[in-house]
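Read the structure below first, then the notes.
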Amino acid sequence: MSGQFEAVTEIDRPIEEVFAYLAQGTNDPKFSPRVQRIDKEPAGATVIGTVFRSTVKDAGMTSQREIRITELEVPRKIRWTETSKNSVTSSEGGYDLDAISDGTTRVRLFNVLEGHGIGKLLVSFALGAARKDAPAFGERIKKAIEAS
8 MSGQFEAVTE IDRPIEEVFA YLAQGTNDPK FSPRVQRIDK EPAGATVIGT VFRSTVKDAG
68 MTSQREIRIT ELEVPRKIRW TETSKNSVTS SEGGYDLDAI SDGTTRVRLF NVLEGHGIGK
128 LLVSFALGAA RKDAPAFGER IKKAIEAS
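Here the sequence shown stands for residues 8 to 155, where the numbers follow the numbering used here.
As structure tokens, this is what we get:
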């Protein structure tokens with residue numbers, strides 16, 4: 008079983024600034040409390056093939072995650088897939104950015120969660136929690152970018 012959640016927010020910053028902040032990837036702990044640590048390989052600009060390795064805590068359990076960038080369209084689109092072997096993974100995720108004025112950007116974040124093994128039983132719970140948190144997650148992204 009798999010399913011998708013998404014969050015949409017409007018950020019009072021130009022699209023180029025928002026894209027740069029999100030593409031950096033290592034800013035995730037500033038808006039995602041589940042991310043305890045994140046590292047980027049290789050260092051430097053994010054490109055197709057860049058890998059982010061993170062330590063996350065979900066439902067009281069700590070796990071290691073590996074996300075690979077699969078598509079970049081500056082400054083409008085970022086796509087990724089999770090390559091780690093956890094019970095619930097993001098088979099596809101991304102950001103879509105739209106400039107809605109000179110200084111405001113609409114951001115849509117989405118993740119498709121997929122269960123593996125025992126995760127097939129857990130994915131509906133993970134999706135429920137992610138969907139419930141989606142509006143707050145969008146707000147955290149907005150606040151983090153506007154504060155940077």
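The beta-carbon is built from N, C-alpha and C at its ideal position, and this holds for glycine as well.
- In this structure, T57 lies near K47, with their beta-carbon atoms less than 9 Å apart.
- The DSSP assignment places 95-106 and 112-122 as complete runs of the beta strand (DSSP E) inside the segment 95-144, in order along the chain (cut-off: 3 residues).
- Per the Cβ contact rule, the segment 141-153 is in contact with the segment 16-34 (3 or more Cβ pairs under 8 Å).
- Secondary-structure assignment with DSSP links I45 through a beta bridge to S61.
- Here T88 has I74, R75, T77, S97, S98, E99 and G100 as same chain residues with Cβ atoms under 8 Å from its own Cβ, once five neighbours each way along the sequence are excluded.
- Counted as a single uninterrupted DSSP element, the beta strand (DSSP E) harbouring A14 occupies residues S9 to I18.
- Annotation for I76: the continuous beta strand (DSSP E) segment containing it runs M68 to E80.
- By the C-beta density criterion, T112 is buried, having at least 16 other C-beta atoms within 10 angstroms.
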